[in-house]
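Peer 1: Position in the sequence shown (from 1) plus 4 gives the number in my numbering.
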Amino acid sequence: MGKPIIDIDLHGMFRDEAIIAIDKALKSADSGTYQIRLVHGYNHGTSLKNMIIDEYRYHPKVLRVQPGDNLGTTVLVLREL
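#1: Per DSSP, T77 forms a beta bridge with which residues?
#2: Can you tell me the Cα-Cα spacing of G36 and L82, whole angstroms?
#3: Comparing C-alpha positions only, which one of D20, A25, M17 sits nearest to D11?
#4: Can you tell me where the beta strand (DSSP E) with D13 in it begins and where it stops?
#5: For S51, which residues in the same chain have their Cβ closer than 8 angstroms to its Cβ, ignoring the five residues on either side in sequence?
#6: State yes or no: is the C-beta of T63 within less than 7 angstroms of the C-beta of L14?
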């Protein structure tokens, strides 16, 4: 069984690099994983945050996209705990 929460640090990544990293995490997520926490930061704009919302809000494995516990994180909820 996999980790319940997968953390991915997206700092310094371009859009395409971030998509590859997120897709890899979604592919590796199993029934034990209920969240993917994406750390994108917020000091240098919101382009990664906006991309995450746009690209993953309708992804078949993602139940919902929600803000993290601070402005620099976004959470992909895969299933309820």
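Here a beta-carbon is modelled for each residue, glycine too, at the ideal position from N, C-alpha and C. Given the structure is predicted, the values throughout are model-derived calculations rather than measurements.
Peer 2: According to the structure data:
#1: V43
#2: 10 angstroms
#3: That would be A25, whose Cα lies nearest to the Cα of D11.
#4: 9-13
#5: R19
#6: It is worth fixing the name first, because residue 63 is His in this sequence and not Thr. The answer is no: Cβ separation not under 7 angstroms.
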